[in-house]
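A quick write-up on the structure given underneath.
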Amino acid sequence: MTTKPPAQVHKADASAVEALAYASAEGIPVVEPHDRDRLGFNIWRVLALKNDTLEHAITSAGARMLIGEEEAVAKVRAFLQSKGMTL
2 MTTKPPAQVH
12 KADASAVEAL
22 AYASAEGIPV
32 VEPHDRDRLG
42 FNIWRVLALK
52 NDTLEHAITS
62 AGARMLIGEE
72 EAVAKVRAFL
82 QSKGMTL
């Protein structure tokens, strides 16, 4: 049993790449919240490392989405473009 409280979580700035990546995944309906986390992480990799395509990132996330991959790509791309990011 631990005697210390858990570490504090510091939210990223709303304009940070991490925040934008995870926010872009918020509009995607998924089976479980963890699916959205995996999707957000893969979108972040595309934005931060610039070594993959958005389409491949969404496919490789393995998220159980309730919409098609093409629709998910379109939603994420539209969100990111509305925030001034280009892919």
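Residue numbers (my numbering): 2 to 88. Note that the Cβ used here is the ideal one computed from N, Cα and C, for glycine as well. All of these numbers come straight from a predicted model, not from anything done at the bench.
Backbone CA spacing between residue i and residue j [nearest angstrom]
{"i": "A64", "j": "P30", "result": "10 Å"}
{"i": "K76", "j": "A49", "result": "19 Å"}
{"i": "R46", "j": "T60", "result": "13 Å"}
{"i": "G85", "j": "T4", "result": "45 Å"}
{"i": "A24", "j": "V18", "result": "10 Å"}
{"i": "S83", "j": "P7", "result": "36 Å"}
Expected contact under 8 Å - CB spacing of residue i and residue j to nearest Å
{"i": "G28", "j": "F80", "result": "6 Å"}
{"i": "L67", "j": "R78", "result": "Incorrect: roughly 18 Å between the Cβ atoms, too far for contact."}
Distance CB(residue i)-CB(residue j) smaller than 8 Å
{"i": "R37", "j": "A20", "result": "no"}
{"i": "L55", "j": "V32", "result": "no"}
Local Cβ density within 10 Å of residue i, reported as buried at 16 or more and exposed below that
{"i": "A15", "result": "exposed"}
{"i": "N43", "result": "buried"}
{"i": "A58", "result": "buried"}
{"i": "A62", "result": "buried"}
{"i": "V10", "result": "exposed"}
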